[in-house]
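Going by the numbering used here, the sequence shown opens with residue 3, and the numbers climb by one from there. Cβ atoms here follow ideal geometry from the backbone N, Cα and C, with glycine treated the same way. Report on one structure; see the data block that follows.
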Amino acid sequence: MKKTRALNKVWQGFASGFPPIPALKVSEWAEAYRVLPREGSQRSGRWHSLPYQIEPMDAFLDKEVSEVLLMWAAQTGGKTELLLNVLGFFTHADPSPQLLVQPTVELAEAFSKERLTPTIRDTPVLRGLIKDPRSRDSGNTLLGKVYPGGNIALIGANAPSGLAGRPRRVVLQDEIDRYPDSAGTEGDPSALADKRAESYSNAVKGKTSTPTLKGFSKIEARMATSDYRKWHVCCPKCGHEQVLLWRQIIFTFKNDEGQEIKDPARAYLECEGCKQPLTDEERVAMVRAGRWVATQPFAGIRGYWLNGLNTLFPAGKGYRNRLHQFAQEFLFAKKNGAEALKTWVNTFLAETWEESGDTLSAHPLMARRANYGPKIPRNCLVLIGKADVQGDRIEAEIEGYGLGQESWGIRYQIIMGPPNLQDAWKQLDEFFLQTFEHESGATMKVSVALVDAGFEQDLVLQYTKPREGHRIYAVKGSSTPNAPIVTRGTRNNQQRAMLFPVGGGAAKDLIFGRLRLNEPGAGYCHYPNGYGYDDEYFFQLTSEKAVTRYHAGQPVRVYEKTRARNEALDLKVYGVAALHILKPDLMALHKELNGEGAPEENEVEVTMPSRQVPAPPPVSAEPRKPISQRRPLGGQSLGIT
Ligand SMILES: [Zn+2]
């Protein structure tokens with residue numbers, strides 16, 4: 003039969019001219035196919051993207067984007083769910099070999115059991131592709147899922163064997179701040195994992211984490227190289243576009259007497275623009291209508307930062323609304339101490355935590371000055387002398403320590419006059435030689451004294467060398483970053499005098515932590531009214547802040563001055579150092595003082611653990627002249643060679 007023109011036209015119809023099929027986006031795949039399992043999630047059933055989840059999911063397929071970063075709060079619902087959507091997409095819609103890295107092998111197993119397996123089970127298109135591991139020859143294990151066109155390998159960043167292997171198009175890394183710095187001896191696990199995708203021109207890489215320590219956080223360092231997108235929302239009252247920040251949550255009010263009270267149940271959101279109060283319903287509407295805005299130039303890496311203020315989940319039981327919950331959870335964290343507050347900052351604010359010691363305020367410390375003295379407080383068990391030598395004066399202090407290194411400021415004195423004059427040193431001798439009355443009735447003297455040799459080293463060593471027999475030693479700040487509080491002393495100097503290197507950073511970490519304590523007890527620092535502890539003392543005590551600096555590419559925490567004078571802080575450091583050198587048995591002293599096994603009545607000499615190291619003889623009032631020809635007391639135990 004001869005084909006007619008008309009028939010020909012009909013039959014050739016399909017030959018060409020179709021429009022291209024639009025590529026499926028990850029967010030569209032999730033809306034169409036993903037089912038949230040009942041367990042391990044705040045929602046269940048069909049997937050519906052939250053507004054801030056759509057763009058990050060789709061960025062994984064963006065040809066311009068080499069890597070997607072998510073630095074997200076824990077309660078915004080999502081960063082792990084987004085990873086599961088990406089895994090599902092590259093299992094079903096564009097099958098490819100995939101790698102998912104968790105901080106440890108155990109966490110990879112837990113992720114497989116608690117998140118991936120239920121997702122596969124409840125999402126029909128995935129269940130059809132990945133056989134039940136319990137069925138025969140499924141080829142599937144806890145850490146390996148096979149499907150036509152690829153497989154998912156789950157590994158731990160702590161296992162170098164898992165990081166090497168065949169190329170993977172999709173490399174997803176979860177909670178990278180918890181990865182070890184090196185996988186065995188192989189190096190940075192994150193970089194090793196990324197290497198697996200090197201041979202793919204269409205590689206897909208993603209990294210997520212809540213951040214951790216400032217300067218040490220891996221996600222923070224990575225985010226700095228990204229376009230750092232933030233979720234921007236608009237005020238319904240003034241239209242001002244803003245990023246929601248913690249300072250906008252207001253829950254401090256004035257009561258009728260004009261006192262400030264905290265009332266988390268009445269918490270509201272304050273607009274950055276018009277300063278008007280906004281309700282939680284208004285916050286939810288603002289967040290739903292928000293958009294991602296880049297805050298840095300784009301150079302291939304797309305970063306998304308989202309804090310917990312953007313959460314769209316309903317408030318927990320017992321809370322009026324989310325704003326109430328935000329304020330209350332902050333107050334709980336604050337009450338539970340630095341560690342709880344750090345977790346809150348990392349997981350709710352999605353911000354890095356600056357280690358204790360960042361800055362301290364002088365005024366609360368001034369306010370704690372109490373009435374004690376001239377007698378030495380009952381719980382004070384050992385007295386320590388310290389001196390810091392300056393060009394025109396010597397600043398000297400006597401400090402007391404008790405159980406748990408609870409401390410008491412005893413005397414603070416500024417000896418005026420340049421240290422090259424004998425008179426200044428004579429006064430220092432007198433200062434260290436003082437005799438005190440302990441509240442128990444016993445007589446008490448300084449047990450050990452440290453003098454800073456950082457400035458006038460020769461003069462200081464001339465002073466300390468003949469007094470070493472009485473435990474008066476020279477100290478000097480260590481030049482090694484992250485040095486311990488005290489390292490072994492040496493005599494590598496002209497005077498052959500003992501000189502102990504002191505790690506100021508380590509000591510200041512300890513001191514700043516202690517100055518933050520609010521309750522008397524272990525570590526707490528007491529200060530008296532008077533006896534030299536004026537306001538200037540407290541300004542000096544809080545005159546430095548901890549910052550992160552880089553040495554040879556490695557972050558190191560150092561203390562930097564925030565004002566010119568800091569002698570009080572230096573002297574506090576020498577107190578901690580002196581305890582490391584003296585190593586007094588504070589518990590034995592405490593028992594002795596309280597009559598538990600006390601040898602003599604009314605005559606308790608509160609200086610040193612008497613059975614171990616004899617108390618020092620008094621220091622001569624004549625400077626620079628050896629009084630005792632004996633070997634230094636307790637030489638071996640003090641690490642002196
Ligand atoms: Zn406004």
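What is the rounded straight-line gap between the Cα of residue i and the Cα of residue j?
| i | j | result |
| --- | --- | --- |
| LEU246 | LEU311 | 6 Å |
| TRP31 | SER98 | 15 Å |
| CYS236 | THR313 | 16 Å |
| ARG7 | GLN55 | 54 Å |
| ALA476 | ARG559 | 25 Å |
| LEU85 | ARG136 | 25 Å |
| SER51 | ASP60 | 11 Å |
| VAL549 | GLU188 | 30 Å |
| PRO53 | TRP233 | 10 Å |
| GLU284 | SER545 | 43 Å |
| GLY525 | LEU519 | 8 Å |
| VAL37 | ALA329 | 33 Å |
| LEU156 | LYS216 | 29 Å |
| ALA291 | ALA193 | 37 Å |
| ARG380 | LYS547 | 33 Å |
| ILE513 | VAL575 | 7 Å |
| VAL289 | GLY305 | 19 Å |
| PRO619 | HIS472 | Reliability fails at PRO619, whose pLDDT of 35 lies under 50, so the model's placement of it is uncertain and the value that follows must be treated cautiously. The alpha-carbon atoms of PRO619 and HIS472 are separated by roughly 7 Å. |
| TYR465 | ARG224 | 53 Å |
| PRO191 | LEU271 | 41 Å |
| ARG170 | GLY146 | 13 Å |
| ALA352 | TYR230 | 13 Å |
Shortest alpha-carbon distance to residue i belongs to which of the options?
| i | options | result |
| --- | --- | --- |
| GLU538 | ARG567, CYS237, ARG268, ALA590 | ARG567 |
| LEU573 | ARG413, ALA335, LYS239 | ARG413 |
| ASP511 | ALA444, GLU356, TYR465 | GLU356 |
| ASN373 | ALA329, TRP74, ASP176, PRO530 | PRO530 |
| GLU397 | LEU430, TRP49, PHE255 | LEU430 |
| LEU584 | PRO376, ASN484, VAL384, ASP460 | VAL384 |
| GLN496 | ARG370, LEU174, GLN459, ASN484 | GLN459 |
| ALA509 | ARG168, ALA287, VAL488 | VAL488 |
| LEU325 | GLY305, GLU341, PHE253, ARG304 | PHE253 |
| GLY532 | GLN415, GLU57, ALA269 | GLN415 |
Please classify residue i as buried or exposed, where buried requires at least 16 neighbouring CB atoms within 10 angstroms.
| i | result |
| --- | --- |
| ILE417 | buried |
| PHE350 | buried |
| ASN153 | buried |
| MET589 | exposed |
| CYS527 | buried |
| GLY577 | buried |
| SER481 | exposed |
| ASN87 | buried |
| ASP179 | buried |
| HIS440 | buried |
| PRO421 | buried |
| ARG565 | exposed |
| CYS273 | buried |
| CYS240 | exposed |
| ASN348 | buried |
| PRO366 | exposed |
| ALA116 | Sequence inspection shows Glu at residue 116; the Ala mentioned does not correspond to that position. The residue in question, GLU116, is exposed, as its Cβ has fewer than 16 Cβ neighbours within 10 Å. |
| CYS382 | buried |
| PRO586 | buried |
Measuring from the CB of residue i, is there a heavy atom of ligand 1 at a distance below 7 Å?
| i | result |
| --- | --- |
| GLN278 | yes |
| GLY292 | no |
| HIS242 | yes |
| LYS65 | no |
| GLY275 | yes |
| CYS527 | no |
| LYS239 | yes |
For ligand 2, is there a heavy atom less than 7 Å away from the beta-carbon of residue i?
| i | result |
| --- | --- |
| CYS382 | This structure simply doesn't include ligand 2; it includes ligand 1 instead. |
Report yes or no: is there a C-beta of chain D within less than 8 Å of the C-beta of residue i?
| i | result |
| --- | --- |
| THR564 | You won't find chain D in this structure, because it holds only one protein chain. |
Take every Cβ of the stretch 112-130, pair it with every Cβ of the stretch 81-97, and state whether three or more of those distances are shorter than 8 Å. With three or more CB-CB distances shorter than 8 Å, the stretch 112-130 counts as touching the stretch 81-97.
Inspect the CB distances between the stretch 191-200 and the stretch 333-353 and report whether three or more fall short of 8 Å. Because the criterion of three Cβ pairs below 8 Å is not met, the stretch 191-200 and the stretch 333-353 do not touch.
Counting pairs of Cβ atoms below 8 Å between the stretch 423-431 and the stretch 399-411, do you hit three or more? Output reads no: the stretch 399-411 does not touch the stretch 423-431.
Quick check: the stretch 197-217 against the stretch 246-266, are there 3 or more CB pairs under 8 Å? With the cut-off at 8 Å, the stretch 197-217 and the stretch 246-266 do not touch.
Please confirm if the stretch 382-392 is in contact with the stretch 441-457, defined as three or more CB-CB distances below 8 Å between the two stretches. Verdict: yes, contact present.
For the pair the stretch 209-220 and the stretch 58-74, tell me if three or more CB-CB distances fall below 8 Å. Cβ pair count under 8 Å is three or more, so yes.
Counting Cβ pairs closer than 8 Å, one from the stretch 180-187 and one from the stretch 149-167, do we hit at least three? Because the criterion of three Cβ pairs below 8 Å is met, the stretch 180-187 and the stretch 149-167 touch.
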